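Counting from 1 along the sequence shown, just add 770 to a position and that's the residue number in the working numbering. For reference, the structure is listed below as structure tokens.
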Amino acid sequence: MASCGADVQLKILDSEYAVEDYAICVAKDNEEFLTEVNAALEELIADGTVQKIVDKYINGVEHDLVFQENTDGLEVIKMGTNAEFPPYEFYTNNEIVGIDAEVAAAIADKLGKKLEIEDMAFDSIITAVQTGKVDFGMAGMTVTEDRLENVNFTTSYAQGVQVVIVREDSDITSVDDLFAGEKIYKIGVQTATTGDLYATWDLEDEGLAEVSRYNKGADAVAALVSGKVDCVIIDNEPAKEFVAVNND
């Protein structure tokens, strides 16, 4: 998201909306692959590789790990993602990088495969996994009952915290304000993300809010800056990125 200037300052509410675990989705008819990915992922968690990757992108602690060095002739596995969700997946120099990209590369190394990443709309990922367009989906995705009807999930590899972004002068001072019923707030979300699910189930379906859905998290934040929505529900890590860029 390009900087919106300092005219409208944003902040993240101190109270968290929800805390959840992120996992990798795999087609229901691909149990063998799910088992292989789980085994690789659990090894990477146990030996500290996953934590080193998370620390690199969230805490700025560089690691010396190298992934996908010699992949000539290896079988390809494809990952579906939406590269608009820093620090989990985003573009740098026309390359998709981030926590998910590196964890996926480490898994591919464990499996002796070459990783290819396909960027797509978030709400297309599960369908792409189901139809075999990609082998797995990894995009800061939480496990929900609805998603479990369509795909299987691996062991969790990271924790996601859903937060609320508001303008500095907002009358929304805590998450509780969204549930008070004193005002019907307009909430911006990225389509089909966990923030969308929470806003829909907890607030819109209960008549407490109107939800505006956007293809990108950055677009939801831009709508907040322009006054089209009152707040945005999104993962904490990209929230920090978006707020920092806007307020710079």
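Glycine residues also receive a C-beta, built at the ideal position from the N, C-alpha and C atoms. These numbers were taken from a predicted model, which means no experiment stands behind them.
Contacting residues, own chain, Cβ-Cβ under 8 Å from Leu780 (five flanking each side not counted): Ile935, Val936, Arg937, Glu938, Val991, Leu994, Val995, Phe1012, Val1013, Asn1016 and Asn1017
Please name the residue, chosen from Asp916, Asp893, Cys795 and Glu786, that lies closest to Tyr927 on a Cα-to-Cα basis. Comparing alpha-carbon positions, the option among Asp916, Asp893, Cys795 and Glu786 lying closest to Tyr927 turns out to be Cys795.
In three-state DSSP terms, what is Ala797? strand
At which residues does the alpha helix (DSSP H) containing Phe892 begin and terminate? No alpha helix (DSSP H) holds Phe892; DSSP gives it neither H nor E.
Can you give me the C-alpha to C-alpha distance between Asp975 and Phe949, rounded to a whole angstrom? 12 Å
Do Val981 and Tyr787 have their CB atoms nearer than 9 Å? no
Could you tell me whether any Cβ in chain C is nearer than 9 Å to the Cβ of Ala1009? In summary, chain C is missing from the structure at hand, where a single protein chain is found.
Measuring straight from C-alpha to C-alpha, what distance separates Cys774 and Thr862? In this prediction, Cys774 scores a pLDDT of 46, lower than 50, which makes its location untrustworthy; no coordinate-derived value is stated.
Out of curiosity, what's the CA-to-CA distance linking Ala772 and Phe923? Only weak support is given to the placement of Ala772: the predicted model assigns it a pLDDT of 47, under 50, and the value that follows is read from those uncertain coordinates. Roughly 34 Å between the two C-alpha positions.
Rounded straight-line distance, which links the Cα of Lys883 to that of Asp979: In the sequence as displayed, the identity of residue 979 is Ala instead of Asp. When rounded, the distance between both Cα atoms is 46 Å.
Rounded to whole angstroms, what is the Cα-Cα separation between Thr851 and Val959? 17 Å
In angstroms with no decimal places, state the Cα-to-Cα distance between Asn864 and Pro856. 14 Å
First through last residue of the beta strand (DSSP E) which encompasses Gln821: Premise fails: Gln821 lies in the alpha helix (DSSP H), Thr819 to Val824, not in any beta strand (DSSP E).
Should the segment 830-841 be called in touch with the segment 964-972, which here means at least 3 C-beta pairs below 8 Å? no
Terminal residues of the beta strand (DSSP E) in which Gly958 lies: Secondary structure note for Gly958: its beta strand (DSSP E) is the uninterrupted segment Tyr955 to Gln960.
Beta-carbon contacts of Ala1058 that lie in its chain and below 8 Å, excluding the five residues immediately before and after: Here the chain comprises residues numbered 771 to 1018, so residue 1058 is not present and cannot be evaluated.
By a C-beta neighbour count over all protein chains shown, 10 Å radius and 16 as the cutoff for buried, is Ala816 buried or exposed? exposed
In the DSSP output, what is Asp1005 paired with across the bridge? Gln932
Quick check: the Cα distance between Asp842 and Ala878, rounded to an integer number of angstroms? 13 Å
What are the start and end residues of the alpha helix (DSSP H) that includes Ala992? Gly987 to Ser996
Under the rule that 16 or more other beta-carbon atoms within 10 Å means buried, what is Asp799, buried or exposed? exposed
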